[in-house]
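Notes to accompany the following structure.
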Amino acid sequence: SCLPRLTTSLRILEHLVLQHKPMPHQLALQLTECGAVQTIIQLFESTCKMLERPWMEGVLCGDTVLSVVYMIQPALDLCYAYISYLLSKNHSFANTSIVKPLLQLHTLLFSLPPPATIANTMSALQHTIANILLTFHHRFECV
27 SCLPRLTTSL RILEHLVLQH KPMPHQLALQ LTECGAVQTI IQLFESTCKM
77 LERPWMEGVL CGDTVLSVVY MIQPALDLCY AYISYLLSKN HSFANTSIVK
127 PLLQLHTLLF SLPPPATIAN TMSALQHTIA NILLTFHHRF ECV
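Below is the structure:
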């Protein structure tokens, strides 16, 4: 499985982005040039597809689900930092295509009780998803 390598890559990228507050303009440009928003959308959509089967069975546990949960946290943190930067610096940024996969991911992760072993991690995921969605809400509320 490529999940461990993807998780490590996301954690490294997350560290590079989050060690600088606010995000450096050059780093944001590099993320934009490599299509970061579309890549994050694809990652969230793929994650939703991986979670659909366990969700339909009514159980969010197992190695795949745990790997996905630990992989998605750095992706969400990176997404939040990047989207926040774009919305704060570029008033013409209005790409809301990430909202639908985020809402689907939230539904799949939080409509079933989480395994007790990852309840704190799941709570952090829920908080980060809410923050990303609120970032969009505040942006369009102020326009």
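Residue numbers (the numbering used here): 27 to 169. For glycine and all other residues, C-beta sits at the position ideal for the given N, C-alpha and C.
Check, Outcome
"Where A101 falls, given that 16 or more other Cβ within 10 Å makes a residue buried", "buried"
"Proximity below 8 Å, CB of M49 to CB of Y106", "no"
"Nonlocal neighbours in the same chain, by C-beta distance under 7 Å from Q130, ignoring five residues either side", "C74"
"Alpha helix (DSSP H) runs contained entirely in the segment 115 to 161, provided each spans 4 or more residues", "125 to 136"
"Beta carbon of I144 nearer than 8 Å to that of I67", "no"
"Reference P141, options L92, I98, A156 and A120, closest by Cα", "L92"
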